[in-house]
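Engineer: Structure provided below as structure tokens; questions to follow.
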Amino acid sequence: MSPAFPIMRFTALTAGLLGVGFLLLKTTVASEEEAYNRLSPGDRKRVDQARALRAAQEAEIRAKVFAKERLNPDDFKPTWVDVTSKK
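The opening residue of the sequence shown carries number 1327 in the working numbering; numbering runs sequentially from there.
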């Protein structure tokens, strides 16, 4: 007695289709490093400047968050922790 829906056939076809799509993606799309290496020197300079700016902004935000956490560590505890009641 066979099931009404051929689940094994459907699973195999789906896995095959996903595999073909993955192989196609891996063979045709350049990695981030390959795309960067193909850029002109002027474009590489702009990309490097944007990366440096982003890193500086993230470092500044991270420093502000850590400073705020050091000033008032209770603000960074989970909401279900009752800070006011002491046992």
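We put the beta carbon where it would ideally sit given N, CA and C, even for glycine. Predicted, not measured: the structure shown is a model, and the values here were computed from it.
(1) Give the DSSP-derived three-state secondary structure of N1398 in the structure shown.
(2) If I follow the unbroken alpha helix (DSSP H) through V1346, where does it start and stop?
(3) Helix, strand or coil: which one does DSSP assign to D1369?
(4) Check whether the Cβ atoms of Y1362 and V1373 lie closer than 8 Å to each other.
(5) Around the Cβ of M1327, are there at least 16 other Cβ atoms within 10 angstroms (buried) or fewer (exposed)?
(6) Nearest-angstrom Cα distance between T1337 and L1351?
Structural biologist: Concretely, from the data shown:
(1) The residue given as residue 1398 occupies position 72 in the sequence shown. In the three-state DSSP reduction, N1398 falls in the coil class, being neither helix nor strand.
(2) For this step, residue 1346 is matched to residue 20 along the sequence shown. For V1346, the uninterrupted alpha helix (DSSP H) segment begins and ends at 1333-1354.
(3) Start at 1 with the first residue of the sequence shown, and residue 1369 comes out as number 43. In this structure, DSSP gives D1369 a helical state, which the three-state scheme calls helix.
(4) For this step, residue 1362 is matched to residue 36 along the sequence shown. For this step, residue 1373 is matched to residue 47 along the sequence shown. With contacts defined by Cβ atoms closer than 8 Å, Y1362 and V1373 form a contacting pair.
(5) Working through the sequence shown from its first residue, we reach residue 1327 at position 1. Unreliable placement is indicated for M1327, whose pLDDT of 49 sits below 50; no coordinate value is reported for it.
(6) Against the sequence shown, residue 1337 aligns to sequence position 11. Against the sequence shown, residue 1351 aligns to sequence position 25. So the two alpha carbons sit approximately 21 Å from each other.
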